[in-house]
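The listed protein sequences derive, respectively, from chains D and V. Counted from 1, the first sequence has number 5 at position 5 by our numbering; the numbering is strictly sequential. Just so we're on the same page, our numbering is the position in the second sequence counted from 1, plus 160. See below for the structure under consideration.
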Amino acid sequence: MGADGIEILLVEDNPDDVELTLRAFERHRLANRMHVARDGQEALDYLFGADCGAAVAGAGERRLPRVILLDLKLPKVDGLEVLRAIRSDTVLARVPVVILTSSREERDLVESYSLGVNSYIVKPIDFSKFVETVQALGFYWLLLNELPGTSGAEALGRSS
Amino acid sequence: MSVLRRSALAGASVTGAEVGPAAEAGEGDAGAGWSARVRAAVRVERSAWPGLLAGATLVAVLLGVFAYVLASTEATSRREARQRFGAQATIAAGLTDAILATLESSATSQASSVLGGAIDTAVVRDYAKRSNDAFLAVTAGDGRLLAASSDAAGALLSSPRALAAMRAAESGAPRFSDLFTGPGGATVAIGAIPFSGPAGRRIEVVGYPAATLYVFFSGLLAGALPSASTHAFVLDGNGRILGSQYSGARAGERVPVYFWNVLRRHRAGGYHGASGSRYVVAAPIRTTGWRMAITEPLDQLYTALSGSRSWVLWAVFAALASASLVGLGLLARALSSKALIARQSRELARANRALTSANAELDAFSYSVSHDLRAPLRAVDGFSQILLSEHAGELAPDARHYLDVVRRNAVGMGALIDGLLAFSRLGQQQLSVRTVDVERLAQDVVVELQSTPGGAAAEITVEQLPPARADAALLRQVFVNLLSNALKYSRGRSPAIIQVGAERLNGVPVYFVRDNGAGFDMRHADKLFKVFQRLHRAEDYEGTGVGLALVARIVGRHGGRVWADSKPDGGATFHFTLGAAADGR
Numbered sequence: 001m002g003a004d005g006i007e008i009l010l011v012e013d014n015p016d017d018v019e020l021t022l023r024a025f026e027r028h029r030l031a032n033r034m035h036v037a038r039d040g041q042e043a044l045d046y047l048f049g050a051d052c053g054a055a056v057a058g059a060g061e062r063r064l065p066r067v068i069l070l071d072l073k074l075p076k077v078d079g080l081e082v083l084r085a086i087r088s089d090t091v092l093a094r095v096p097v098v099i100l101t102s103s104r105e106e107r108d109l110v111e112s113y114s115l116g117v118n119s120y121i122v123k124p125i126d127f128s129k130f131v132e133t134v135q136a137l138g139f140y141w142l143l144l145n146e147l148p149g150t151s152g153a154e155a156l157g158r159s160s
Numbered sequence: 161m162s163v164l165r166r167s168a169l170a171g172a173s174v175t176g177a178e179v180g181p182a183a184e185a186g187e188g189d190a191g192a193g194w195s196a197r198v199r200a201a202v203r204v205e206r207s208a209w210p211g212l213l214a215g216a217t218l219v220a221v222l223l224g225v226f227a228y229v230l231a232s233t234e235a236t237s238r239r240e241a242r243q244r245f246g247a248q249a250t251i252a253a254g255l256t257d258a259i260l261a262t263l264e265s266s267a268t269s270q271a272s273s274v275l276g277g278a279i280d281t282a283v284v285r286d287y288a289k290r291s292n293d294a295f296l297a298v299t300a301g302d303g304r305l306l307a308a309s310s311d312a313a314g315a316l317l318s319s320p321r322a323l324a325a326m327r328a329a330e331s332g333a334p335r336f337s338d339l340f341t342g343p344g345g346a347t348v349a350i351g352a353i354p355f356s357g358p359a360g361r362r363i364e365v366v367g368y369p370a371a372t373l374y375v376f377f378s379g380l381l382a383g384a385l386p387s388a389s390t391h392a393f394v395l396d397g398n399g400r401i402l403g404s405q406y407s408g409a410r411a412g413e414r415v416p417v418y419f420w421n422v423l424r425r426h427r428a429g430g431y432h433g434a435s436g437s438r439y440v441v442a443a444p445i446r447t448t449g450w451r452m453a454i455t456e457p458l459d460q461l462y463t464a465l466s467g468s469r470s471w472v473l474w475a476v477f478a479a480l481a482s483a484s485l486v487g488l489g490l491l492a493r494a495l496s497s498k499a500l501i502a503r504q505s506r507e508l509a510r511a512n513r514a515l516t517s518a519n520a521e522l523d524a525f526s527y528s529v530s531h532d533l534r535a536p537l538r539a540v541d542g543f544s545q546i547l548l549s550e551h552a553g554e555l556a557p558d559a560r561h562y563l564d565v566v567r568r569n570a571v572g573m574g575a576l577i578d579g580l581l582a583f584s585r586l587g588q589q590q591l592s593v594r595t596v597d598v599e600r601l602a603q604d605v606v607v608e609l610q611s612t613p614g615g616a617a618a619e620i621t622v623e624q625l626p627p628a629r630a631d632a633a634l635l636r637q638v639f640v641n642l643l644s645n646a647l648k649y650s651r652g653r654s655p656a657i658i659q660v661g662a663e664r665l666n667g668v669p670v671y672f673v674r675d676n677g678a679g680f681d682m683r684h685a686d687k688l689f690k691v692f693q694r695l696h697r698a699e700d701y702e703g704t705g706v707g708l709a710l711v712a713r714i715v716g717r718h719g720g721r722v723w724a725d726s727k728p729d730g731g732a733t734f735h736f737t738l739g740a741a742a743d744g745r
């Protein structure tokens with residue numbers, strides 16, 4: 001978990017999607033525990049602590065959100081690259097990553113899973129369904145799923 | 161292709177809408193392909209020209225060299241043949257010369273003993289008679305007449321011919337004149353033969369009758385010539401015949417003009433006369449001023465010497481020439497087929513590159529569509545719904561209705577995009593074909609659909625279905641689409657009855673899905689399987705128009721075909737096969 005109490009890192013470049021996702025999480029009171037990165041580079045900087053004064057990326061403090069929601073098509077560094085970087089870092093490798101994307105492309109699915117993604121979710125167009133999906137996501141990854149050194153109950157207590 | 165497509169659809173209008181692999185493959189642009197191929201073939205012929213030209217030139221040069229050598233060899237041997245023949249004439253003339261010289265010397269010694277002393281007309285007449293001379297006169301060394309065999313003979317000595325002969329004879333050697341009509345009308349030639357007797361130097365002027373000369377020379381020539389085809393003549397300076405072994409010749413006759421024209425200007429030459437094309441050569445008979453002329457037919461002249469060899473060589477030449485022609489023909493064919501193959505493989509490679517890049521573009525396009533086109537729709541739907549749920553109080557009832565319309569359209573467009581993507585992806589996707597338990601697959605789909613709101617009320621039966629070789633995931637999609645369709649169009653029935661079954665047609669299993677729903681008018685059947693074509697109004701039956709197009713494409717990729725029977729309000733039956741190889745048993 002992050003030192004600043006961040007539970008969710010949302011990596012998404014589309015501001016409308018960001019707003020909709022935030023709203024969906026708002027309904028479940030998770031939005032204030034969310035950090036948004038608008039492109040792949042920003043996500044990496046955030047995770048590796050390069051944005052808080054460390055001279056070399058990777059030398060700063062690692063931030064460990066409870067779950068990373070990652071879009072695939074991103075400016076600068078694309079989602080799969082971000083995923084690869086996360087999985088090749090010994091500490092970050094433990095953080096669950098959920099691909100949350102519009103793409104239904106088979107190759108995106110295959111590549112994401114071969115890079116060790118935990119879930120692959122296609123964002124539905126229907127907002128009601130999207131809300132349902134986000135609710136299920138949060139419920140599963142933040143409440144049910146157990147991570148080393150913490151518990152779902154603790155996470156729930158802290159987030160509410 | 162377009163013809164195939166048309167015929168497939170023409171068939172459809174009779175037996176039902178029908179889409180098979182032919183129509184599926186008919187999306188290409190083969191119409192323009194034919195003329196391009198014809199143009200390519202013409203270009204091939206042109207591109208083979210340089211090689212062909214080089215080959216033809218080489219062959220022509222080789223044949224030319226061969227022909228030149230052959231011709232010059234032949235020319236050489238012809239020249240040699242003519243030279244050899246000319247030598248024969250020279251030899252014959254020389255022999256005649258020698259014989260005449262011998263005769264003259266004996267005549268001279270005889271004349272010196274008989275006519276060398278005191279002479280008178282009686283002596284001269286007697287001597288002329290014994291020698292069978294036409295006439296005889298004897299003069300002194302200075303040309304003064306001493307005695308003559310007749311007065312006419314004496315008078316003759318003042319003729320230019322006799323004077324010329326006598327003047328020449330004064331130098332010491334015998335001289336002879338050309339033939340002329342002498343005293344008494346006989347044809348004669350004069351001979352002036354100088355001799356020395358007891359009374360000093362005298363000249364015997366003899367008139368030789370043409371007939372006598374002819375007998376003498378003919379006898380001489382008859383034994384002297386090697387070939388029966390050779391004709392020999394002794395001719396005087398005017399071309400009159402003094403002697404010949406040729407049976408057609410007559411004493412004192414002139415030789416034909418064409419013959420004489422050759423000899424008057426040249427020593428030798430060819431002519432065409434009564435006895436064919438012949439070659440004539442003349443050689444002077446030194447002491448007489450007369451000529452020896454021998455003739456030979458041209459074919460004899462050359463055949464005898466080089467003809468057979470020449471014939472063989474020209475036959476070889478002809479064989480070589482025809483072999484070269486055949487070779488050139490083969491070369492032309494080889495070159496053009498080689499060029500054709502090269503061009504075809506170049507075109508194939510180009511088409512392949514174009515196809516690869518088109519595929520890559522299509523790939524990028526569909527990826528982009530899949531990813532970027534959905535995001536705005538989600539925003540449209542999402543914010544509309546937020547408006548509806550969080551600002552419902554501020555909105556008038558029709559404003560809420562409009563927002564519902566906006567949402568419905570956004571979701572509908574999402575479905576369209578998904579369908580379109582699935583449809584386009586199907587063209588590129590590799591089939592993973594294995595034996596599929598079709599009956600079980602259909603049952604699974606039915607169970608799944610019956611759990612949806614629309615499916616619960618329907619009575620769906622799955623009969624025995626034969627297994628098939630197919631891509632299971634795609635075949636599943638076929639059943640999902642056909643059964644969803646059946647449910648959709650029969651939802652107004654109570655009960656909706658849907659039957660999944662199979663029959664055999666020409667040994668191939670034909671699967672079908674039958675419903676008792678709204679059906680459609682067969683007049684529009686040709687639109688049934690086309691993407692985005694619908695036979696029902698959207699307010700009656702929702703849909704994107706992709707489902708059946710997807711079915712047709714999947715079936716087509718399996719090598720099968722799909723068709724439908726229906727009538728309005730009479731239900732519909734969709735049949736499909738999975739190709740000849742799809743018979744799983």
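Built from N, CA and C at the ideal position, the CB exists for glycine as well.
Subject >> Cβ-Cβ distance between residue 404 of chain V and residue 387 of chain V below 9 angstroms >> reply: no
Subject >> Three-state secondary structure assigned by DSSP to residue 416 of chain V >> reply: coil
Subject >> Where residue 182 of chain V falls: helix, strand or coil (DSSP) >> reply: In this prediction, residue 182 of chain V scores a pLDDT of 42, lower than 50, which makes its location untrustworthy; the coordinate-derived value is nonetheless stated afterwards. It is helical.
**OP:** Give me the Cβ distance between residue 539 of chain V and residue 16 of chain D, rounded to the nearest whole Å; I'm assuming they're in contact under 8 angstroms.
**Re:** Here residue 539 of chain V really is in contact with residue 16 of chain D; their C-beta atoms are around 4 angstroms apart, less than 8 angstroms.
**OP:** Name the two residues that bound the continuous beta strand (DSSP E) containing residue 33 of chain D.
**Re:** That residue, residue 33 of chain D, is in no beta strand (DSSP E); it is neither H nor E in DSSP.
Original post:
Hey, is residue 101 of chain D's beta-carbon within less than 9 angstroms of any beta-carbon in chain V?
Top reply: yes
Original post:
Nearest to residue 363 of chain V by CA position, among V/385, V/369, V/305, V/401, is which residue?
Top reply: V/305
Original post:
Applying the criterion that 16 or more other CB atoms from any shown protein chain within 10 Å of the CB defines a buried residue, is residue 512 of chain V buried or exposed?
Top reply: exposed
Original post:
Just checking, does the segment 497–506 of chain V make contact with the segment 552–570 of chain V on the three C-beta pairs under 8 angstroms criterion?
Top reply: no
**OP:** Compare the C-beta of residue 54 of chain D against all C-beta atoms of chain V and say whether one is closer than 9 angstroms.
**Re:** Note that residue 54 of chain D has pLDDT 45, beneath the 50 cutoff, so the model's placement of it is unreliable and the number below is only indicative. Answer no: the Cβ-Cβ gap between residue 54 of chain D and chain V never drops below 9 angstroms.
Original post:
Is it true that the segment 653–664 of chain V meets the segment 711–728 of chain V, where meeting means three or more beta-carbon pairs spaced less than 8 angstroms apart?
Top reply: They do not touch, by the three-pair rule.
Original post:
Does any C-beta atom of chain D lie closer than 9 angstroms to the C-beta of residue 542 of chain V?
Top reply: yes
Subject >> Interface residues of the segment 116–139 of chain D facing chain V [CB-CB below 7 angstroms] >> reply: 123, 125, 126, 127, 128, 130
Original post:
Taking the alpha carbon of residue 312 of chain V as the point to measure from, which residue in V/329, V/294, V/302 has its own alpha carbon closest?
Top reply: Selected option, being the one with the closest Cα: V/294.
**OP:** Could you check the C-alpha separation between residue 734 of chain V and residue 606 of chain V for me, to the nearest Å?
**Re:** Using only the alpha carbons, I get a separation of about 16 angstroms.
Original post:
Among V/569, V/291, V/458, which one has its Cα closest to the Cα of residue 440 of chain V?
Top reply: V/458
**OP:** Identify the contact partners of residue 73 of chain D in chain V, using a Cβ-Cβ distance below 7 angstroms as the criterion.
**Re:** Simply 531.
Original post:
Alpha carbon to alpha carbon, what distance is there between residue 451 of chain V and residue 395 of chain V?
Top reply: Going from the Cα of residue 395 of chain V to the Cα of residue 451 of chain V covers about 5 angstroms.
**OP:** Tell me residue 573 of chain V's beta-bridge partners as DSSP assigns them.
**Re:** According to DSSP, residue 573 of chain V bridges with nothing at all.
Original post:
For the segment 5–32 of chain D, which residues have a CB atom closer than 7 angstroms to at least one CB atom of chain V, in sequence order?
Top reply: Correct list: 14, 16, 17, 20, 23.
**OP:** Name the residue from D/47, D/124, D/101 whose alpha carbon lies nearest to the alpha carbon of residue 8 of chain D.
**Re:** D/47
Subject >> C-alpha gap between residue 264 of chain V and residue 257 of chain V, whole angstroms >> reply: 10 angstroms
**OP:** Thinking residue 292 of chain V and residue 390 of chain V are a contact (beta carbons under 8 angstroms), I'd like their distance in whole angstroms, please.
**Re:** Between residue 390 of chain V and residue 292 of chain V the Cβ distance is about 29 angstroms, and since that is not below 8 angstroms, they are no contact.
**OP:** Indicate whether the contact test is met: 3 or more Cβ pairs, each with one atom in the segment 117–131 of chain D and one in the segment 89–100 of chain D, closer than 8 angstroms.
**Re:** yes
Original post:
Rounded to a whole number of angstroms, what is the C-alpha to C-alpha distance between residue 26 of chain D and residue 32 of chain D?
Top reply: 8 angstroms
Original post:
So is residue 137 of chain D buried or exposed if we call it buried at 16+ other beta carbons inside 10 Å?
Top reply: buried
Subject >> Where residue 335 of chain V sits in the DSSP three-state scheme >> reply: The answer is strand: DSSP assigns residue 335 of chain V an E or B state.
**OP:** Quickly, what does DSSP pair residue 631 of chain V with across the bridge? List them, please.
**Re:** V/593
**OP:** Take every Cβ of the segment 565–572 of chain V, pair it with every Cβ of the segment 581–592 of chain V, and state whether three or more of those distances are shorter than 8 angstroms.
**Re:** no
Original post:
Is the beta carbon of residue 621 of chain V less than 9 angstroms from the beta carbon of residue 668 of chain V?
Top reply: no
**OP:** Could I get the ranges of all uninterrupted beta strand (DSSP E) runs contained in the segment 649–732 of chain V, with 3 residues as the minimum, in chain order?
**Re:** 657–665, 668–675, 722–726
Original post:
With a CB to CB cut of under 8 angstroms and the five nearest residues on each side skipped, what residues in its chain are close to residue 610 of chain V?
Top reply: Contacts found: 616, 618, 620.
Original post:
chain D beta carbons: is any one of them nearer than 9 angstroms to that of residue 524 of chain V?
Top reply: No - not a single Cβ of chain D is within 9 angstroms of the one on residue 524 of chain V.
**OP:** Report all residues from its chain with a CB closer than 7 angstroms to the CB of residue 245 of chain V; omit the five preceding and five following residues, and keep chain order.
**Re:** 439, 441, 456, 461
Original post:
Would residue 285 of chain V pass as a contact of residue 318 of chain V if the rule is Cβ separation under 9 angstroms?
Top reply: no
Original post:
In terms of DSSP beta bridges, what is residue 440 of chain V paired with?
Top reply: Bridge partners of residue 440 of chain V: V/429, V/455.
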